[in-house]
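Written out as structure tokens, the structure reads:
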């Protein structure tokens, strides 16, 4: 299934303060912070939450800059991005401050011929996509410079003007289209390339596991959990959650709420639980159990075992030799390609084997069966 992707930045929070009158510049000693497998060194003395700039008497034509050192500690490439979030402002000073982000070899944002004001920076990086800077290969370090220039043409109207904003640098991540309708109040939660244990909160969480055999408990809220390569164990709690297993043989557990679960590549187990759930096995030989609710289950590629259980379910085997059980309720079961076994169980079910040599067993109720072999089918 094709999914449109956007990018999201995950991150460390640092504050810049620029003031148009008085004197003084504040610096301190070096502090390094981690975002997943990235480490970000904001320079001498700048702890998390401390200002990266505190500049008074910032006059038109003057320039202030700070270097930030970013290291990728993972064994794979990580994309790096940035966001700027305005906290407060007096006299629209952001309109007269130009920002450039560059390294010795490249300019990533703004610069000569493509000047950007702080106002533009805030607007263009305000969404979950942020501004993508570069891909940082495994084990490498890159130093970038964040430079702010006071427009030389600014007049005296900007005396005593002020702007305070956050800079966030971290991993730029692709977010599935299915999760884009969720509002996430907090920064994303990141694993590493190792075997991580990750816990969410009672709010709407966005969680990335990356590589490794990870264990996730997402908590309450409408969560989006994205597994990576590895055999992951992903559990959600209450809320309408969206889970992605990623590559590997994953165990994905829904709970209360109307969940959407994707097994992706690998031989996955999906336990949907309560609610009207949607589950896709995708590639591999998958086991999917719908449990309570009116569920939609799709096996995808491979020889899958799908069980609707309670509720009026829609079950599609897709490719492969599948075993498909409607369970209780008025179910619609489609084998599609392959030599499939279809079971209606209780109530009035519709069983359609599709292509291949299929066997349909209606069991209780008045069942309709389209298959080469029919057992206890009334129609």
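In UniProt numbering, the protein residues as written are 1 to 379.
Cβ atoms here follow ideal geometry from the backbone N, Cα and C, with glycine treated the same way.
Between residue 332 and residue 306 a beta carbon distance of about 12 Å is seen, past the 8 Å cut, so the two are scored as non-contacting. With a cut-off of 8 Å on Cβ pairs, the region 278-297 is in contact with the region 252-261, counting three or more such pairs. The C-beta distance from residue 310 to residue 328 rounds to 5 Å, short enough to fall under 8 Å. Residue 342 is not a Cβ neighbour of residue 373, given a cutoff of 8 Å.
When the Cα atoms are used, residue 191 and residue 321 turn out to be separated by approximately 36 Å.
Residue 166 sits in a strand when the DSSP states are folded into three classes. A straight-line Cα-Cα distance of about 54 Å links residue 231 and residue 58. Within the region 100-167, the runs of alpha helix (DSSP H) that reach at least 4 residues and sit entirely inside it are, in chain order, 118-125. Among the bridge pairs identified by DSSP, residue 278 is matched with 260 and 296. In this structure residue 168 does not touch residue 66 by the C-beta definition: roughly 14 Å separates them, more than the 8 Å allowed. From the listed residues 290, 42, 162 and 360, the smallest Cα separation to residue 97 is found for 162. The closest CA to that of residue 243, considering only 182, 171 and 187, is found on 182. Rounded to whole angstroms, residue 302 and residue 200 show a C-alpha spacing of 32 Å. With a beta-carbon spacing of about 5 Å, residue 338 and residue 356 fall inside the 8 Å limit used to define contacts. In this structure residue 300 is buried. Its beta-carbon is surrounded by 16 or more other beta-carbon atoms within 10 angstroms. Within the same chain, and ignoring the five residues on either side of residue 294 in sequence, the residues whose Cβ sits closer than 7 Å to its Cβ are 276, 311, 312 and 313. Taken through DSSP and simplified to helix, strand or coil, residue 203 comes out as coil.
Residue 202 is positioned such that its CB atom lies no closer than 8 Å to that of residue 186. Secondary structure of residue 94 (DSSP, three-state): helix. Leaving aside the five residues that flank residue 330 on each side, the residues in its chain whose CB is nearer than 7 Å to its CB run, in chain order, 312, 347, 348 and 349.
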